[in-house]
Structure formats: structure tokens, C-alpha cells
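Enquirer: Can you read through this structure? Questions will come right after.
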Amino acid sequence: MNGLQEGNVDDDPTTTTIKNTTTNWIVPSRSPESSAWSNAEFGSRSHGSQLELGLLHHSKMNGSSSPPSSCPSNPMNTSIEMSVPIHAHQDEEAFPSSQGDENTLKHSLQKGSSVKKEASHHHHSSKYSSSIKTLLLHAVESIPSSLITVMNVLVIFFLLQSLITIGTTFFILFFEGSTLSDNAELVAHQDRFQKLIRNLYDFVIPAEIVTSSLHNQVLSFIEEPSSHNSWARLLSTTSVYDRQLSFMYFGDGNNQVTMLRQINGVSNIMVPCHAHPQSKSLNAVQDVITKDFDLTFSQNCPKSHLKYNVSSDGVILIEQGVANVQLDLNVSSKYWFTSVANNFPQISSEVPKRQKYTAWSDVFLFNGALSIYVSLLVRDSTNNFVGVAALEYSLSDLQVLLCNLVATSGGAILVLDREDRILGACALLSDFSFTELSSTMIQTFPKDFSNNTLFESIFKLMNDEETHSSNQSVTFSDALYPEPQLKGMIHNFIYSISEFSMNNLRVKVIVITEHTGFLSIMINSRVSSLVILFLVVGLGIVFLMIVLKGITYPFQRLRQTMENILKLDHSLSIPVHTECLLGDVRRMQSYVETFRNVLFYFSLFCPELIVKHILASSSNQSNIKAGVNDQIIPTKSQYMTILVLELKNFCDLQQRIGMDMFCRVLNSFISELTSSIHSNEGFVFDLSVKNNLKIMALWNDSTKPIENHELRAAATAIEMQTIMADKIEHIKQEFNCPCVEIDYKTVIATGMVFLACTGTTTSRVSFSCFGESVAVCDVLLEHCRSGEVLLCQNVFVKVAEMFLCHYLRTVPIFTMKQEKRDVVMYSLKKYLKESSAYEQHVASKLLQLRDRRRELDIAEVSTDTLYKSLCKELQNLGHEVNADND
């Protein structure tokens, strides 16, 4: 048998020859790692019955009808010569490689056909298995070797396992899901029903407690049951038992009423006013109400009632005063009074005199709100009629309670009275929602509630149940763990209906929940949701690991680039480590943020205009490649205005207040001075703090030209002088150091200025300022006194018409060319009041103060430096301004 033969096409001339019985094709060989057949033996040569075909199956796989006739002349390509025996079952796959071999191929095929006829029965059983092997071999060979990795095999295994698990889970839940769904819905519905009944019990039972307390107090402690003074104290005391009630009343047979009102947690009581000239005034009464003090007495009664405030614990606060109010309330026309008073003879005969009698009213609408009463009969010891006490409840509280229960898990809850009037209702269903009751009418179920067929069907069921059933309502005291009297399912909705009573209060409760179905219950099931969540998270993690591994490769390079930038490493070769995934993104974000902070602090050490110029120059790759200029910022000369402020002699202050506080004070100086420069369109060129503080500002840079920059500098100087004076005076007062003297002086010069970078790339680079104007500033500083602003001749010519300036002296200096030159000095005093520049200055200050109105608190305005300087300048104009008042 011949093995695999490899060789270079140019080195082995026999690889391109055509033999009598074989055909040799030259193709590029695969690498040993990616070829499963590179070292395999495919067959032996035959003397006449076999045909050698190179890479026959490979050519068939690639869909080529004929093998390539030549090979690219690449020295790295290798040729493969293969000898494949053609058996009887392979004649359909064999084809000639060239026209010259046609006769030889026909002769061989004829021999192969005869062999096939002789051994057809022998090979019939193995024909299909051989075909399957061939297909599998082709499929394996067609898979790229890069996909056959441990990670990909694990992913495929995990996917198959996940599909099996999910399928099994759904298969099991498919049979058990229906029962599980029904049981879960019934349990949830029953829990909702019981929770509602308990909440209604807690809503209604306080009324029973209050009425019982009132009844017992009247029987035991009140000597005169008709006394409104006693009833005022009694109502205020018992109101603490029920915070849900809105009003409490006591009305007697004389059409007089005492009323307690609770609104938003604030309580007050109103009692009838009885004029009594000898009654004590409130000023003479102590904070505690004595037994002899009558709340109804007053020296005069301009209105019908006296109003007192009531504390949260039921105490009448007479020390807060009393108010006269007009309460137009006709007791004889109120239902809570007439329902008991008109039926007193019958009630008196049926109810023993010491037994409590209460009655609940129907729903009524008053002032756009639905309410309900509970009335208490008040009798004396001889069983005579005294009056009626009543509690009024707003149904809006019940509505809020029902909507809170519905908002948690949907459904619908309705509470009806005996006449099917709606006391409270809230619904949150898929096809119907209702959260508020009407404020103009009393609604009746179901015609005023909804025309939905669901509610009409439930109403019909309720009527049929009342007609054919003798079920009696149960009391609220027996309803802590109730079972619904009527329950079932209709239109894919589960309903429960019950009727409860307390005295003559009868309510019907309807609870409706939606039938969610099997799929929803399965998804909401804790076990299935955890399984699905685990599978989804697992699949997502594996998918992200595969996808992000390729996506994060450029992120890795970018991260390393940012590291090199932060380390000032100029290397271009960046090694990439493949073991990092999502950590690269987080680290890259951190490095970018650090780099941003570096640029920010760099802009603080260097003027902002220069930083922007550096970044713009660094991004211009064409100039860098062409080598036009090796300096980031080229030397330039331009006509500019220079302002220099020098602050010194602050050693005494430093010793007095300490280094930490001194740094804060110095930063306060720098902050306000630089803000003044920026607000006048200048920029801080240099800031030095050594033995003294020196600030140098420039105007009219080529990147930011400014018209009348000399006027801007002069306005800044006057403003800075005001700031310094105010700050120094404030420091003396704050730290109690009136003897400390701090010298400050300011000079301004205009002329040609040279700007250039000094330093090299191996040392620290600085941006420096040169020229005669800088030298003039130094001369002006030498002759400037504390608190003074000096100008040169060029600045004076530009600002003389708008500022008051005095000639000071002339000093000779020598230029760089050793030429003598006179420097004329002027002292800048203040604005000329008649100049337009001063008006513009005041207007700009007002605009600045308006822009800062959101940053300043109203209490901080009077101490603001800008505000105080503006007030001082307005005083100089002759206006009366008080800087201490708003």
C-alpha cells in the first residue's frame, strides 16, 4: 500500500505526469492539525483494474465537477499524490480528470462493472452502511477545526441538557398544571375574600366601640344627659377610639346641636353659645378644664356656636382660645336624628330603657361626598327622650381601603347595602377598571356601575339565591374566618358573595378574581420559575462568554493603550491577554475616567486656551508625520493687555489663623479674583504662590480676540480692588485681627507680548511670557503702593475718557536693545460717572447677579461680594442703597 506523498510542485516533476492507469492531481495540503486524513493510506495501486484518483472525495465535497489542473506557484503549498482503488460500488463517483484519459477511464469502468456484477450479492448488505460512513466522513471533514474546541463541545452539551430539562419540566407540568392552577387560584381567591372581611370588620367595629362608650358614659357619669357642655367633653374623649369618622353629633329636642369635626388629623368641637355676663374669660382660666367650667357660656354670643380645638388624645385645648362660628344645622331635618326621634315611642316600648339602641342609615350624598350615619338613642333615667348622638363616616375612606386591596393583585371588590346601593367599589380587570365613585349621584349595582355581562350575571345569581334560598346573613363578630355563602366561576372569573349584618347595618360583599389559566400559573410557580430562570441565566452566560470573547478583543487593546497613556509609555506594541472578559470593560472605564481627571487637572495648571490648543495640535497627524513643527505650541507675538495682581505680607495672618484656615482663606481670595477675570473675558495666564500671591491675566489672545481689551482689564482691576478691600475687612472682623495688614497692588500694561514654550521633552515644559510689556509690569509693581492700581501710557490713552486717572511719575528704563525709554505711570481711581462705560459696568454686574440668583440663598445675598460691590458703586452714583437689607 502506498502512503501519502507530499512534496513541492516545482521540486517533483512526476507529480504533473499522467500515467496509463493513474491520474495525479496537485492540491494544497492541509495542516497536520486540521486534516484527519493527512497520514492515512487510501489504497494500493492496481495493475489494470484500479484507477488512482487524487483527493476524489475532497473534490466531490467541494462541489467541483473536475479537479484543478494546476496549483498556485506558492513555495509554501505542497502537493499530494493519492492512489484510491475504485470498487464496484464507486463507479458513480468516479470521473476523469482530463480529456486525454477518457479511453483509459472507459476501459477501467468496464472492468469495474464486470466486477460489480460478480460481487453484487456480496456487497449488497454493506452498501448502505458504506454510504453512511462516507456521509459522516464528509460531514466531519467539512467542520472547521477552529469550532472543535472544548468550550464549544461543552456549550453544545449544555444546550442539549437544557432542552431536555425544559422539555421534561413542561411535560410534567402539562399533566399537573391544571390541578395546580385551579388550587392556587382558589386559595388566592379565598385569601382575598377573608382579608377583605377582616378589613371591613376593622372598619366597622370602631363605631360599635364608640357608641357603646357613649351609652355607658351617659348611664353612669352624666347627671344631665341633655347638657351640651357634658356632651362636648364626652365627644372629644371618645373620638380617639375611631380616627376614621368624619363628624360626631349630639342633637336634643330643642334643635340644638354639638358637633365634633375631624379633618386631616385636625379636630375641633363646636358647642352652642349661651350668653352669660358673669362667665369667666379664657384669660383667667387655667390650662386644665375644671368641673365647674362650662364650655357653652360666654360673655356675649355674636354667633351661634363656640369653637374649641381638640388635641390628638381627646383633650379640649382651651388655652388656644375660642372662636365664634355660625353653624346653620337644622337637627329636625337630619335623617340621623329623625330616624330615631320619630320612631321613639315604638323603640321605647321594644327596647328596655338601659339597653343601647343604634341604627345605621342609608347612603346619602352631601357636598359632593358619600357618607353614612350610625345613630344612638339618648334617654334619661326615666326613659324619656333626650336626643340623638350620631357618628358620620365618609365612604371615601372605604373606597381607599378597597382600592388598596385591589391594587396589590387585581380583581374587583364591591360592598353594597341592603338596597344594592354601592358603598364602595374598585375593579382592576382585563376589560374593566373602576377606582372612584360618582360625586353627583348614589350608584346602584349593577345599572349605575357597569353594563358588563359579568356584573349582570352576578346580579342575577344574587337575586336567584335570595329567592330560592333561606340563607341568613351572619354578624361581623362571627366573620373573622368566613366562608362565602355563594361562590363559583362564570366567564373565566371566580366570584364569592356573602351578606353580613351589625344591628340594622346589612352589607353585601362581592369579590371577583380572574382565572389566569395554566400557563400563567406555571410561570408564576416558584419551582418552574426558578428552573427557567436558572436555564435562561446559564444559557445567557455561556452565550455572552462566546460572543464577548471576540467583542472584547479591541477593548483589551484600548485598555492597554489607556494604561500606556497614564504611564507615559510611548510603546506602540500592545500585548493582548485573552483571559480577560468583562473585566476589561470595567477597567477601561476606570482608566478613561482617570485620564479625564488628568486632563481636567492639567487644565488647572495650564490655561484652558493652551490645553485646547495642545489637544488640537496633537490630533493633527499630518503635521506630526510631515515634521512641520516639533513644538506643540509655536512661538508667537501679539498685541495683548497684561494685568498683574500681587498680594503679600500675609505671614502675620498665617501665624494667627493657622495653616489650614489660611489655605481656605487664600483659596477664597483666588476663587473670587479669578472669577472676576473670567467674567470680564480674560484668562488667568499664571498663578504663583510662594512668598506672595501673584496672579497674571491676559486679554486679546489670538485664539480669543477681544475688542477694547484695555477697558476690560481696567474694569477688572477696579473690581478686584473692591474685592480685596472687602475680603480683608471681613477677615479682620471674623478672626479678630484688626492690626494685621495685607498689601495688595495691581498694574496694567499693554503692548507686544511673546508667548513660547520653554523646556524640552526630557524635562518639565512651561508656557512663558516675554517682552517689554512684561518688563513694564515689573517696573510698575516696584513703584506701586498698597491698594493702588497703576497703568502705563498705552493703557491710559485707551481708558482716559471712561476712567478717572491721575498722572503719577515718569521712570526711565532700558529696553532689550539697551535703548533708554521713559515709562509714564498713571494711577487708576474709579469710573467717570458720566461715561457710558460705567453704565455698562453696572448693567453687567446686574446681569451677573441675576445669573447667580439660583446659586445664592436669600439669606446669603447681603454677604455676597458681588452684591456688596454693586451696592457701593450705586452709592457712588448718588443712590440711597442699604447693602444690609434685601
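The sequence shown maps to residues -1 to 884 in our numbering.
Beta carbons: idealized from backbone N, C-alpha and C, even for Gly.
None of the values given here were measured: they were computed from a predicted structure.
Does the pairing of the region 315 to 324 with the region 377 to 393 give three or more beta-carbon distances under 8 Å?
Expert: no
Enquirer: Does the count of Cβ pairs from the region 694 to 712 and the region 654 to 664 closer than 8 Å reach three?
Expert: no
Enquirer: Can S771 and G757 be called in contact, C-beta distance under 7 Å?
Expert: no
Enquirer: In terms of alpha-carbon separation, which member of Q719, S666, L161, D189 lies closest to E644?
Expert: Comparing Cα positions, the closest option is Q719.
Enquirer: If contacts are defined as beta-carbon pairs under 8 Å, then Y371 and Q242 qualify, I think. What distance do you get, rounded to the angstrom?
Expert: Not quite, the Cβ-Cβ distance comes to about 14 Å (not below 8 Å), so this is no contact.
Enquirer: Is the region 201 to 211 touching the region 225 to 244 in the sense that three or more CB pairs, one from each, lie closer than 8 Å?
Expert: yes
Enquirer: Please go through the region 748 to 834 and give each complete alpha helix (DSSP H) segment of 4 or more residues, from N-terminal end onward.
Expert: Taking only runs of at least 4 residues, the alpha helix (DSSP H) segments lying wholly in the region 748 to 834 are 770 to 781, 791 to 797.
Enquirer: Along the beta strand (DSSP E) that carries N322, what are the first and last residues, could you check?
Expert: 321 to 323
Enquirer: Please confirm whether any heavy atom of the ligand SAM lies closer than 6 Å to the CB of S428.
Expert: This structure simply doesn't include the ligand SAM, nor any ligand for that matter.
Enquirer: Using the beta-carbon count (16 or more within 10 Å), is A712 buried or exposed?
Expert: So A712 counts as buried.
Enquirer: Is A367 buried or exposed, if buried means 16 or more other CB atoms sit within 10 Å of its CB?
Expert: Counting Cβ neighbours within 10 Å, A367 comes out exposed, since fewer than 16 surround it.
Enquirer: With 16 other CB atoms within 10 Å as the buried threshold, where does N266 fall?
Expert: buried
Enquirer: May I ask you to report which of helix, strand or coil DSSP gives R416?
Expert: coil
Enquirer: For T433, I'd like the list of residues in its chain whose CB is within less than 6 Å of its CB, leaving aside the five on either flank, ordered along the chain.
Expert: C401, C424
Enquirer: Could you tell me the distance, in whole angstroms, from the CA atom of V775 to the CA atom of S784?
Expert: Reading off the sequence, residue 775 comes out as Cys, not Val. Taking the straight line from one Cα to the other gives about 15 Å.
Enquirer: With DSSP as the reference, identify every bridge partner of V840, one or two as the case may be.
Expert: Answer is none; V840 lacks a bridge partner.
Enquirer: Under the DSSP definition of a beta bridge, which residues are partnered with V264?
Expert: I261
Enquirer: Which first and last residues belong to the alpha helix (DSSP H) in which R231 is found?
Expert: Annotation: the continuous alpha helix (DSSP H) that includes R231 extends over 226 to 236.
Enquirer: Going by the CB atoms, is the gap between M638 and N698 shorter than 7 Å?
Expert: yes
Enquirer: Within 10 angstroms of the Cβ of V7, are there 16 or more other Cβ atoms? Answer buried if so, exposed if not.
Expert: Note that V7 has pLDDT 39, beneath the 50 cutoff, so the model's placement of it is unreliable and the number below is only indicative. A residue is called buried once 16 or more other Cβ atoms fall within 10 Å of its Cβ, and V7 is buried on that count.
Enquirer: Going by DSSP, what residue range makes up the beta strand (DSSP E) through S337?
Expert: No beta strand (DSSP E) holds S337; the alpha helix (DSSP H) holding it covers 333 to 339.
Enquirer: How far does the beta strand (DSSP E) with M694 in it reach, from first residue to last?
Expert: 691 to 697
Enquirer: Would you report the Cα separation of S244 and E463, rounded to the nearest angstrom?
Expert: Approximately 36 Å between the Cα atoms of the pair.
Enquirer: Which residues in the same chain as E871 place their Cβ atom closer than 7 Å to its Cβ, once the five residues preceding and following it in sequence are excluded?
Expert: V840
Enquirer: Per DSSP, which one or two residues make a beta bridge with D684?
Expert: M694
Enquirer: Apart from the five residues just before and just after L778, which ones in its own chain have a Cβ nearer than 7 Å to its Cβ?
Expert: Counting only Cβ-Cβ distances below 7 Å, and skipping sequence neighbours, we find V745, A747, L788, C790, M823.
Enquirer: Roughly how many angstroms separate the alpha carbons of V255 and S437, rounded to a whole number?
Expert: 27 Å
Enquirer: What is the residue span of the beta strand (DSSP E) that Q636 lies within?
Expert: 634 to 646
Enquirer: Using the Cβ count rule (16 or more neighbours within 10 Å means buried), how would you classify I420?
Expert: Buried, since its Cβ has 16 or more Cβ neighbours within 10 Å.
Enquirer: With 16 other CB atoms within 10 Å as the buried threshold, where does F169 fall?
Expert: exposed
Enquirer: Report the CB separation of S296 from H274 in whole angstroms; it is logged as a contact under 8 Å.
Expert: With 8 Å as the limit, S296 and H274 qualify as a contact, their Cβ atoms being about 7 Å apart.
Enquirer: Please confirm whether T813 and R819 have their CB atoms less than 7 Å apart.
Expert: yes
Enquirer: Within its chain, find whatever has a CB closer than 8 Å to the CB of N253; leave out the 5 residues flanking it on each side and keep chain order.
Expert: Here N253 has N328, V329, S330 as same chain residues with Cβ atoms under 8 Å from its own Cβ, once five neighbours each way along the sequence are excluded.
Enquirer: For Y247, count the other beta carbons within 10 Å of its own beta carbon; 16 or more makes it buried, fewer makes it exposed. Which is it?
Expert: buried
Enquirer: Could you have a look at R504 and say whether DSSP puts it in helix, strand or coil?
Expert: Note: R504 maps to strand in three-state DSSP.
Enquirer: Helix or strand or just coil, what does DSSP make of H707?
Expert: helix
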